[in-house]
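Chemist: Quick one: structure below, then a few questions.
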Amino acid sequence: MEDVKPSTTSMRSLNIVILAAIFILAFGVRLFAVIRYESVIHEFDPYFNYRATIYLIENGFEKFQNWFDDRTWYPIGRIVGGTLFPGLMTTAAILFKVLNYFHIFISIRDTCVFLAPFMAGLTAITAYFFGKDMRDDRTGLLAALLMALVPAYISRSVAGSYDNEAVSIFALLFAYLLWIKAVRHGSVLLAALTAAAYFYMAASWGAYVFIINLVPLYTLVSVLVGRYSVRLHVAYTTFYVLGIVMTMQIPFINYQPVQSAEHLAAAGIFVFMQGIGVLRYLSSRLPEHDLRRVFRNVGLTAVIGFFAVTVALELSGFVTPWSGRFKSFLDPTYAKAHIPIIASVSEHQPTTWGSFFFDLHILAFLVPAGVYFALDGLTDTNLFVLLYGVCAVYFSGVMIRMMLILAPVSCLLGALALSRVLDSLTTAVRSRINAKDVKAVVGAAAALVFLVGLLVSFTRHSVWATSEAYSSPSVVLMANTPTGRVVFDDFREAYSWLDHNTAEDAKVMSWWDYGYQLAQMSNRTTIVDNNTWNNTHIAMVGRAFAQNEDDAIVTIRLLDVDYVLVVFGGLVGYSSDDINKFLWMVRIGGGEFGDVHEQDYFNSRGQYTVDKSVSKTMRDSLMYRLCFHRFGEVVTDRRFPGGFDRVRNVEIGDKDIKLKNFEEVFTSQHWMVRIYKVKPENNW
Amino acid sequence: MRVFALSLALLLAFSVAQKVGVFFDGEIADYNALISHVGKLGNEVATHKIGELESKLIVDGSSAYDTICVIVPSESLSATAIAALEKHLDKHAGNMYLAFSHTVDMTVRRFLFSHFNVKAGTKEVTAFPRIHSGSPILPKKIDAEAVKYSGIAMFPQSFSGKFPLLYGDEVVGAIATQGHANNARVVLLGSTLPITNTGMADSPTRQFVAATLGWTMGYSGKLRIAGTTHSRVGASHGGYDDAGYAAGDYIEWGTTLEQFIDGRWEPFTPTDAQVELVCMDVWARETLAPSNTGLAATIRAPEKPGVYKFVLDYERVGYSRLHDEEQVQVRQPKDSFHPRFESQAWPYYGSVLAVSFMFVAFVALYLNSAPVSKKVEEDKKDN
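Top to bottom, those sequences are chains D and U.
If you read the first sequence in full-length UniProt numbering, its first letter stands for residue 1, the second for the next number, and so on.
If you read the second sequence in full-length UniProt numbering, its first letter stands for residue 1, the second for the next number, and so on.
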């Protein structure tokens with residue numbers, strides 16, 4: 001025993017050192033964007049989060065809660081305090097205040113930029129404890145390592161990716177970890193902490209419904225497979241009651257926990273668990289025949305009553321039906337058929353097999369092995385991880401964004417599989433060495449080398465994917481050319497122009513993708529933005545872009561628009577431009593207003609094109625005219641005359657566009673952003 | 001005559017000198033009386049041949065004159081000259097006094113008839129049968145039959161109250177338009193006769209020309225908004241801050257309007273002015289009533305939060321158009337709007353406390369009672 005103690009201590013120390021190294025690795029691998037570009041916020045949504053964080057820090061939480069933003073969604077505005085998940089901003093604000101309190105002076109922007117890598121480090125540590133719970137320390141360390149490097153998670157947690165997912169994956173995993181511990185110990189305190197972690201998750205991301213459905217599912221399955229225990233009862237009851245009450249304190253969630261269909265399963269399981277509890281209590285007090293009678297009469301009545309009440313609540317409208325997003329999970333074709341605005345977002349598309357491999361790499365193959373090993377030694381923790389894995393695999397197949405939910409459980413199952421196999425192999429090597437069985441030793445050692453090679457390959461792939469695929473800030477673009485790297489900083493150039501050259505109360509109309517960036521970087525009023533909360537308002541903008549100039553100007557004047565911004569990639573070959581997004585504008589506009597029809601924008605052969613065969617409706621549309629205005633004068637390719645669009649690879653159909661109501665005031669260096677001023681009405 | 005002289009003296013004393021350009025066709029000597037009249041009002045007058053309209057009107061991208069007088073008794077105008085006229089009005093808020101005769105060609109006719117809400121008559125007319133008076137353009141009644149006039153007959157295409165200003169029962173003699181966004185003023189005479197020396201020698205005609213030209217140059221019918229205010233009814237500070245109005249608030253909106261009369265800005269209190277609260281559509285519209293500070297109305301903030309505009313749009317024939325917009329936000333009630341504790345809800349608080357207490361008491365009693373297993377055994381013995 002005297003030999004073991006120092007060994008355990010040194011193992012613990014070694015674990016801490018390895019964990020610290022993993023934390024640094026998780027943080028460091030996410031810094032490509034900062035090193036390559038600068039400390040810059042990425043993409044679109046993070047710009048709103050950044051703006052909200054500044055507001056929170058400058059005005060305090062009370063004003064933040066009551067914040068009515070009159071500079072977005074003009075003129076209807078947005079009740080920001082009641083329509084956002086404040087968890088991310090609050091976390092950054094607290095971190096900022098704490099650091100500054102200790103005289104570690106860091107700007108708000110840097111706090112936001114580095115928050116995601118920091119939280120990724122914490123997620124890796126959480127994964128360690130989860131893995132430890134599943135099997136042992138080594139599984140925990142492997143889980144932490146995989147968590148730190150898995151590309152699916154890196155994609156949403158690189159430096160500058162200041163989005164809800166940055167903190168919520170940590171919150172999700174932490175809540176599950178506490179839940180498992182609460183179930184194992186039957187502790188009210190741990191269950192209350194689980195509810196607190198759930199509250200944090202709910203305050204951070206809409207995917208909190210995943211917790212409030214997975215935990216009841218686990219509880220139900222546990223009961224069905226005969227793993228009911230008082231510990232489970234105590235944990236679930238405490239978690240549910242506290243969790244529901246706590247999440248109702250978030251203004252955005254409001255009464256949803258007791259009214260929406262998404263939360264109904266949890267309520268049902270709560271009632272179910274109380275029923276089980278009552279029956280077990282009665283079974284200790286009543287003779288068996290009475291118990292059966294009670295079970296038959298009361299139990300049946302309760303079940304029928306519950307369903308009757310549920311149906312009545314649904315029909316009466318007290319319980320809100322499933323949201324569109326939730327329905328599209330159950331029926332992947334739902335969004336495309338009914339909610340084009342959801343279907344138009346690239347991250348809401350179904351996941352391809354290539355994506356699974358790209359984002360999970362060897363984990364895609366290790367997960368099935370992990371499932372096998374989890375079933376092999378079924379514990380409360382393993383059962384939970386199994387259910388989590390099954391659900392996450394399904395959801396990630398429906399929507400590419402859900403790969404993020406799948407990533408932690410893949411790491412846990414992958415770590416379990418790796419740890420079991422590594423254990424077997426190392427044991428085999430040791431025992432065979434003692435037995436002097438050279439062949440077996442070589443075989444096991446070769447398998448070990450292969451596994452290590454797989455891990456090295458995983459690491460190389462993760463770092464490569466992070467560097468090449470996930471570290472582009474979107475707002476600044478880079479291209480490799482024979483003469484070296486070219487940086488396209490057109491977006492910031494245009495936003496800066498707006499900031500410096502337009503009236504402070506100027507209203508800028510653009511497609512919703514650029515709303516958050518405009519509001520933050522230009523500090524100008526926008527008509528629609530990435531929040532997409534009001535479909536009609538977005539449809540008005542889509543319709544204006546789809547209409548001809550004379551019709552569009554009516555909407556544009558109604559909205560008091562001063563400037564119109566379009567993104568055009570024809571000069572440099574930037575394919576994510578507004579012409580390529582245009583059909584979504586037509587669809588969304590046409591969905592609300594009957595005077596825009598998608599087929600009118602196709603040529604006589606039914607193709608969507610901008611060349612000479614372009615349809616009259618397309619050629620007259622405001623989007624076409626604003627994008628291709630003066631483009632005929634530009635030679636983009638020596639082999640073709642002026643006006644050759646390098647995205648569509650065609651010569652445009654109208655090279656002599658004269659604008660009546662708009663005046664070009666700014667075009668960025670690479671023509672990626674074009675800004676037009678709305679002319680005042682003529683006097684005559 | 002004394003009144004006319006007094007008005008002239010006051011105008012000279014208080015009005016700001018304008019740059020007036022006279023673009024004429026024919027002999028300038030025929031219009032000496034007009035030029036002399038404009039000069040006597042204290043303005044700087046320059047004369048140019050009609051052919052110089054394009055080059056002399058817009059210089060270095062801006063209009064060289066505040067008001068121009070264009071006299072075209074017989075010739076046509078080039079398209080570029082017409083474009084220069086449009087630019088003068090649109091971009092530079094320049095006023096125009098146009099006098100054309102019935103001999104102008106189709107280009108000019110198209111210009112006139114597309115921009116003035118009239119259609120051409122088929123015969124030349126020689127007099128106004130009757131002139132509507134009482135507006136700021138013709139404050140005093142003039143004997144219409146006595147005005148020397150011989151030119152195009154124009155009929156209003158539709159009477160919107162915006163375009164025709166002076167018209168007869170059957171024949172339109174002169175059309176004026178105003179009320180553009182930049183308050184530029186345009187008068188179109190269908191005859192050059194009134195502004196010739198012959199016309200100006202005649203008293204009713206001179207009065208008619210002086211009144212319409214004076215109006216074009218902004219000597220009458222000139223209004224302005226001296227200021228607007230708005231505040232929550234009953235608010236002690238009376239101001240409006242970044243927090244905006246809450247849905248359902250009563251807002252008092254007030255304005256002070258003024259009219260330029262005899263060289264002074266006097267209060268102007270019409271009874272037909274309205275203020276609107278607009279968020280794409282009009283959400284509230286109230287008629288302004290006289291108040292201590294001018295005009296005022298009370299509006300209830302709509303229940304729907306949003307960015308609204310108070311819009312005052314006063315547009316009456318003969319007067320400058322008054323247009324004022326001010327953006328305000330109507331936000332949702334704050335989370336502290338409703339009192340946190342309502343004393344009337346004591347049964348609710350009482351029941352919550354009672355249930356909480358009973359729960360704790362039950363748990364305490366339950367935990368202190370005999371163990372379940374013993375109880376069960378006792379129950380079984382009883383059975």
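Virtual Cβ for every residue (Gly too), placed ideally from N, Cα, C.
Let me know the alpha helix (DSSP H) ranges lying completely inside the segment 559-599 of chain D, each 4 residues or longer, listed in chain order.
Modeler: 578-592, all fully within the segment 559-599 of chain D.
Chemist: Per DSSP, which residues does Trp-265 of chain U bridge with? Please list them.
Modeler: Under DSSP, Trp-265 of chain U takes part in a beta bridge, and its partners are U:Phe-260.
Chemist: Pop quiz: Leu-141 of chain D and Tyr-388 of chain D are said to be a contact at Cβ under 8 Å. What is the actual Cβ separation, rounded to whole angstroms?
Modeler: Contact doesn't hold; Cβ gap of about 20 Å is too wide.
Chemist: Would you mind telling me which residues of chain B sit closer than 8 Å to Phe-68 of chain D, beta carbon to beta carbon, in chain order?
Modeler: Although the question refers to chain B, the structure presented lacks it and instead comprises the protein chains D and U.
Chemist: Quick one: what does DSSP say Tyr-676 of chain D is sitting in, helix, strand or coil?
Modeler: DSSP places Tyr-676 of chain D in strand when its eight states are reduced to three.
Chemist: In terms of DSSP beta bridges, what is Ala-479 of chain D paired with?
Modeler: D:Val-486
Chemist: Skipping 5 residues on each side, what residues in its chain have a beta carbon closer than 7 Å to that of Gly-277 of chain D?
Modeler: When the five nearest sequence neighbours on each side are left out, the beta carbons in the same chain lying within less than 7 Å of the beta carbon of Gly-277 of chain D are those of His-233, in order along the chain.
Chemist: Roughly how many whole angstroms lie between the Cα atoms of Phe-252 of chain D and Gly-81 of chain D?
Modeler: Distance between the alpha carbons of Phe-252 of chain D and Gly-81 of chain D is about 8 Å.
Chemist: Check whether chain D comes within 8 Å of Cys-69 of chain U, counting only Cβ atoms and requiring the distance to be less than that.
Modeler: no
Chemist: Between the segment 238-247 of chain D and the segment 65-76 of chain D, do three or more beta carbon pairs fall short of 8 Å?
Modeler: no
Chemist: Over what stretch of residues does the alpha helix (DSSP H) that includes Arg-331 of chain U continue unbroken?
Modeler: Unbroken run through Arg-331 of chain U is the beta strand (DSSP E), 322-331; no alpha helix (DSSP H).
Chemist: Would you verify that the beta carbon of Gly-77 of chain D is, or is not, closer than 8 Å to some beta carbon of chain U?
Modeler: yes
Chemist: Per DSSP, what are the beta-bridge partners of Leu-277 of chain U in this structure?
Modeler: U:Ala-284, U:Phe-310
Chemist: Roughly how far, in whole angstroms, is the beta-carbon of Arg-331 of chain U from the beta-carbon of Phe-628 of chain D, given that I think they are within contact range, below 8 Å?
Modeler: Contact flag wrong, Cβ pair sits at about 41 Å.
Chemist: Tell me, please, whether the CB atom of Asp-335 of chain U is closer than 8 Å to any CB atom in chain D?
Modeler: yes
Chemist: Classify Asn-43 of chain U as buried or exposed, calling it buried when 16 or more other Cβ atoms lie within 10 Å of its own Cβ.
Modeler: buried
Chemist: In its own chain, which residues sit with a C-beta less than 6 Å from the C-beta of Val-38 of chain U, not counting the 5 before and 5 after it?
Modeler: Cβ-Cβ distances below 6 Å link Val-38 of chain U to Val-20, Val-45 in the same chain, with the five nearest sequence neighbours on each side left out; the list follows chain order.
Chemist: For Gln-65 of chain D, decide whether its Cβ has a neighbour in chain U, counting only Cβ atoms nearer than 8 Å.
Modeler: yes
Chemist: With a threshold of 8 Å between beta carbons, is Leu-422 of chain D in contact with chain U?
Modeler: no
Chemist: Could you give the distance in angstroms between the alpha-carbon of Pro-680 of chain D and the alpha-carbon of Phe-662 of chain D?
Modeler: 9 Å
Chemist: Whose C-beta lies closer than 7 Å to the C-beta of Arg-619 of chain D among residues of the same chain, with five residues either side of it excluded?
Modeler: Gly-653, Asp-654
Chemist: So, at 8 Å on beta carbons, what are the nonlocal neighbours of Gly-79 of chain U in its own chain, with the 5 sequence-adjacent residues on each side left out?
Modeler: A quick correction: the sequence has Ala, not Gly, at residue 79 of chain U. Cβ within range, chain order: Thr-107.
Chemist: Quick check on the burial criterion: 16 or more other C-beta atoms within 10 angstroms. Buried or exposed for Trp-464 of chain D?
Modeler: exposed
Chemist: Per DSSP, what kind of secondary structure is Val-635 of chain D in: helix, strand or coil?
Modeler: coil
Chemist: Could you check whether the segment 403-413 of chain D touches the segment 139-157 of chain D, counting it as contact only if at least three pairs of C-beta atoms, one from each stretch, sit closer than 8 Å?
Modeler: yes
Chemist: Could you name each continuous beta strand (DSSP E) segment of 3 residues or more that falls completely within the segment 640-666 of chain D, going from the start of the chain to the end?
Modeler: none
Chemist: So, helix, strand or coil for Glu-504 of chain D, using DSSP?
Modeler: Of the three classes helix, strand and coil, the one that applies to Glu-504 of chain D here is coil, per DSSP.
Chemist: Any beta-carbon of chain D closer than 8 Å to the one on Met-280 of chain U?
Modeler: It does; some Cβ of chain D falls within 8 Å.
Chemist: Tyr-74 of chain D touches chain U at which residues, Cβ-Cβ below 8 Å?
Modeler: Val-307
Chemist: Compute the Euclidean distance between the alpha carbons of Thr-194 of chain D and Phe-666 of chain D, then round it to the nearest angstrom.
Modeler: 53 Å
Chemist: Can you list the alpha helix (DSSP H) stretches of 4 or more residues lying completely in the segment 179-245 of chain U, in chain order?
Modeler: 197-201, 203-216
Chemist: Does the Cβ-Cβ distance between Leu-257 of chain U and Ile-225 of chain U come in under 8 Å?
Modeler: yes
Chemist: Would you kindly report the start and end of the unbroken beta strand (DSSP E) that includes Ile-68 of chain U?
Modeler: 67-72
Chemist: Is there at least one non-hydrogen atom of the ligand PLP closer than 7 Å to the beta-carbon of Ala-296 of chain U?
Modeler: With respect to the ligand PLP, the structure shown offers nothing to examine, as it has no ligands at all.
Chemist: Thinking just about the alpha-carbon of each residue, which of D:Asn-382, D:Val-17, D:Phe-44 is nearest to the one in Arg-227 of chain D?
Modeler: D:Asn-382
Chemist: Would you kindly check if the distance between the Cβ of Ala-171 of chain D and the Cβ of Ile-22 of chain D is under 8 Å?
Modeler: no
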